[in-house]
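Student:
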Amino acid sequence: MSISQGGLFRRRQRLGKYRIEKRLAVTGFAAVYEATDPILGVRVALKVPHAGHPGEDLSAEFKKEVRLAARLAHPHILPIRDANFIDGRFAIITPLGQGTLGDRISHRLRLETVLDFTEQMLEAVAYAHALRVIHCDLKPENFILFPDNYLRLADFGIARVALRTVRASGSGTLGYLAPEQAMGRPTYRSDVFSLGLIIYRMLTGQLPEWPFDWPPPGFARLRQRVPPEFVAMLRKAIALKPTQRFADAGAMLAEFQRLRVRTQAWATGKRRKRQPERTGPSWHEIRWRQFRRRFGRVLETRFECRQCQGPVAETMQACPWCGCADRFLVGETAMPSQCSRCDRGMKLDWRYCPWCYGAGYDDATEREYSDKRYTARCTNRRCKRKLLMPWMRYCPWCQTKVRRRWKIPGGDGRCDSCSQGVLHEFWSWCPWCATRLEN
Numbered sequence: 022m023s024i025s026q027g028g029l030f031r032r033r034q035r036l037g038k039y040r041i042e043k044r045l046a047v048t049g050f051a052a053v054y055e056a057t058d059p060i061l062g063v064r065v066a067l068k069v070p071h072a073g074h075p076g077e078d079l080s081a082e083f084k085k086e087v088r089l090a091a092r093l094a095h096p097h098i099l100p101i102r103d104a105n106f107i108d109g110r111f112a113i114i115t116p117l118g119q120g121t122l123g124d125r126i127s128h129r130l131r132l133e134t135v136l137d138f139t140e141q142m143l144e145a146v147a148y149a150h151a152l153r154v155i156h157c158d159l160k161p162e163n164f165i166l167f168p169d170n171y172l173r174l175a176d177f178g179i180a181r182v183a184l185r186t187v188r189a190s191g192s193g194t195l196g197y198l199a200p201e202q203a204m205g206r207p208t209y210r211s212d213v214f215s216l217g218l219i220i221y222r223m224l225t226g227q228l229p230e231w232p233f234d235w236p237p238p239g240f241a242r243l244r245q246r247v248p249p250e251f252v253a254m255l256r257k258a259i260a261l262k263p264t265q266r267f268a269d270a271g272a273m274l275a276e277f278q279r280l281r282v283r284t285q286a287w288a289t290g291k292r293r294k295r296q297p298e299r300t301g302p303s304w305h306e307i308r309w310r311q312f313r314r315r316f317g318r319v320l321e322t323r324f325e326c327r328q329c330q331g332p333v334a335e336t337m338q339a340c341p342w343c344g345c346a347d348r349f350l351v352g353e354t355a356m357p358s359q360c361s362r363c364d365r366g367m368k369l370d371w372r373y374c375p376w377c378y379g380a381g382y383d384d385a386t387e388r389e390y391s392d393k394r395y396t397a398r399c400t401n402r403r404c405k406r407k408l409l410m411p412w413m414r415y416c417p418w419c420q421t422k423v424r425r426r427w428k429i430p431g432g433d434g435r436c437d438s439c440s441q442g443v444l445h446e447f448w449s450w451c452p453w454c455a456t457r458l459e460n
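For the sequence shown, the working numbering begins at 22 and goes up steadily by one.
(1) Asp-384 to Tyr-378, Cα distance in whole Å?
(2) Would you kindly report the start and end of the unbroken beta strand (DSSP E) that includes Glu-65?
(3) Are the region 155-165 and the region 116-126 in contact at 8 Å, needing three or more beta carbon pairs?
(4) State the Cα-Cα distance for the pair Ala-241 and Arg-283, rounded to the nearest angstrom.
(5) Suppose contacts are defined by Cβ-Cβ distances below 8 Å. Is Phe-177 in contact with Ala-199 by that definition?
(6) Could you tell me which residues DSSP puts in a beta bridge with Asp-58?
(7) For the alpha helix (DSSP H) containing Arg-125, name the first residue and the last one.
(8) For the candidate residues Gly-431, Arg-435, Gln-441, Gly-434, whose alpha-carbon lies nearest to that of His-424?
(9) Going straight from the alpha carbon of Gln-285 to that of Asp-137, what length do you get?
(10) Residues in its own chain within less than 6 Å of Leu-29 by CB, not counting five upstream and five downstream?
(11) Who are the Cβ neighbours of Ala-258 in its own chain at under 7 Å, not counting the five residues just before and after it?
(12) Just the Cα atoms here: how many angstroms apart are Ala-149 and Thr-208?
(13) Would the region 128-148 and the region 90-100 be scored as touching if the rule is three or more Cβ pairs under 8 Å?
(14) Helix, strand or coil for Ile-219 per DSSP?
(15) Which one or two residues does DSSP pair with Gln-359 in a beta bridge?
(16) Tell me whether Ile-165 is buried or exposed, calling it buried when 16 or more other Cβ atoms sit within 10 Å of its Cβ.
(17) Classify Phe-177 as helix, strand or coil using the three-state DSSP reduction.
(18) Do the CB positions of Pro-341 and Ser-449 come within less than 8 Å of each other?
(19) Taking Cβ to Cβ, would you say Thr-139 is nearer than 8 Å to Phe-233?
(20) Helix or strand or just coil, what does DSSP make of Arg-465?
(21) Shortest alpha-carbon distance to Arg-131 belongs to which of Cys-454, Ala-288, Leu-261, Thr-336?
(22) Under three-state DSSP, which class holds Val-545?
(23) Determine the burial state of Ile-114: buried for a count of at least 16 other Cβ atoms within 10 Å of its Cβ, exposed for fewer.
(24) Please say whether Glu-325 and Pro-332 have beta carbons closer to each other than 8 Å?
(25) For Leu-67 and Lys-291, what's the separation of their Cα atoms in angstroms?
(26) Using 10 angstroms around the beta-carbon of Phe-312, count the other beta-carbons present and answer buried if the total reaches 16, otherwise exposed.
(27) What residue range does the beta strand (DSSP E) around Glu-325 cover?
(28) Between the C-alpha atoms of Leu-458 and Ile-429, what's the straight-line distance to the nearest angstrom?
(29) Can you give the Cα-Cα distance for Ala-260 and Gly-205, rounded to whole angstroms?
(30) Decide if Tyr-390 is buried, meaning its Cβ has at least 16 other Cβ atoms within 10 Å, or exposed.
(31) Could you check if Asp-269 is buried or exposed, using at least 16 other CB atoms within 10 Å of its CB as the buried criterion?
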């Protein structure tokens, strides 16, 4: 097996029994991949330190930290399924989530969701603190999302190795690090500081930065969403002086649980004063329901938009409801593989991604798979298979640009910009070229 430049694995390469599906993240000392375990028939997350890092002087410490993480048994801490040397590379295998809190935090969160996430985060860190373990790298990207908004905290123990890398790099960006932690003196109160920053950002959409003057950016938004007692709790958590913060996450959890019901009641009362009570679904939900009933099966809208939660298909280049075009798809593809660039589904015998333009995949299987969705043909005379599915932008066999103007069965609208089929009665944006529709 050959490793790509920089020691990173490519899609469909193998590490022992695991087949790499796509790269999820790359940090300063490791890469995280989505991989398939062919024996168990499940997908897992595979964390592999970069080749040659950590060095020999850190290998013993790295193993010790993995053993530490394996001892932490809590519902909101990501368990380690295995940690071993595979084909000469150290690898850590964990359950695969649906993303991270970092993916969700860039969009507005309901207060109830913020409170649920806050309690889960505090419970995980409080458990670790009770066992005298400091995480040292609390940030949204280390909270893994599972179905039903279930959070699990990852990178316990390994964070100490990462912190050494951060300190040695001379980086001037604190991010979610407490000031004393950035100087190499972390305590339980450092984790409390990081938790406070994460909660503040979930509520306001803004991350306070050095020198952490009060009030920080977004303070007006914070006061609109939570009562003064909750604001005081956050101010104590992100106090510049460690001695002014909660002693540990357990103390902060106790204060949060005391305030949670009061916070929900305060927010509910404020909403009732501001607007009449809703008696049924919103007009958005009614329109989406009508759309799914008429066109959901035809367009295969099994995904939803990350920004507006409207129904979308992975064939689309933008959300037809809100126009979002940047990584807007939320859902699982029904196809057996995914493009490493756009994350859209691919069949194993496709040599090119039909949804985005880029380098081909040399590891496509020689076996030819049939599919009833092949309803058109490539116009390139040299193309050997020619089979196309609706809304493909490029031929998956020869990468020829598809010039066909696709029509939506049951719909007769066309986009004025790209001439592809659209539904003027439902959509505000063309999902194929991201152009605003004239309704």
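Using N, Cα and C, we set each Cβ at its ideal position, and we do this for glycine too.
Tutor: Looking at the coordinates:
(1) Going by the C-alpha atoms only, they are around 17 Å apart.
(2) Here residue 65 is Val; the residue named in the question, Glu, does not match the sequence. Residues 63-70.
(3) Yes, the region 155-165 touches the region 116-126.
(4) Rounded to whole angstroms, Ala-241 to Arg-283 spans 20 Å at the Cα level.
(5) Not in contact: Phe-177 and Ala-199 (Cβ atoms no closer than 8 Å).
(6) Under DSSP, the beta-bridge partners assigned to Asp-58 are Val-63.
(7) Unbroken alpha helix (DSSP H) run through Arg-125: 122-125.
(8) Sequence check: residue 424 is Arg here, not His. Nearest to Arg-424 by alpha-carbon distance, out of Gly-431, Arg-435, Gln-441, Gly-434, is Gln-441.
(9) Put simply, the backbone Cα of Gln-285 is about 11 Å away from that of Asp-137.
(10) So the list reads Ala-52, once near-sequence residues are dropped.
(11) Excluding sequence positions up to five before and after Ala-258, its CB lies within less than 7 Å of the CB of Val-213, Phe-214, Leu-216, Gly-217, Arg-266, Phe-267, Met-273, all in the same chain and listed in chain order.
(12) C-alpha separation (whole angstroms): 12 Å.
(13) The answer is yes - the region 90-100 touches the region 128-148, with three or more Cβ pairs under 8 Å.
(14) Helix.
(15) Assignment of beta-bridge partners to Gln-359 by DSSP yields Gly-366.
(16) Counting Cβ neighbours within 10 Å, Ile-165 comes out buried, since at least 16 surround it.
(17) Coil at Phe-177, not helix or strand.
(18) Against a cut-off of 8 Å, the Cβ pair of Ser-449 and Pro-341 comes out as a contact.
(19) Not in contact: Thr-139 and Phe-233 (Cβ atoms no closer than 8 Å).
(20) Absent from the model: residue 465. The displayed extent of the chain is 22 to 460, so no value can be given.
(21) Relative to Arg-131, the option among Cys-454, Ala-288, Leu-261, Thr-336 whose CA is nearest is Ala-288.
(22) No statement about residue 545 is possible, as the shown extent of the chain runs from 22 to 460 and does not include it.
(23) Taking all protein chains shown into account, Ile-114 has 16 or more neighbouring C-beta atoms within 10 Å of its C-beta and is therefore buried.
(24) Their beta carbons are under 8 Å apart, which means Pro-332 touches Glu-325 by this criterion.
(25) If you take the alpha carbons of Leu-67 and Lys-291, they lie about 45 Å apart.
(26) Buried is the call here.
(27) Counting along the chain, the beta strand (DSSP E) containing Glu-325 begins and ends at 324-326.
(28) The alpha-carbon atoms of Leu-458 and Ile-429 are separated by roughly 16 Å.
(29) Across the structure, Ala-260 and Gly-205 are spaced so that their CA atoms are roughly 18 Å apart.
(30) Tyr-390 is classed as exposed because its beta carbon has fewer than 16 other beta carbons within 10 Å across all chains shown.
(31) When all chains shown are included, Asp-269 counts as buried.
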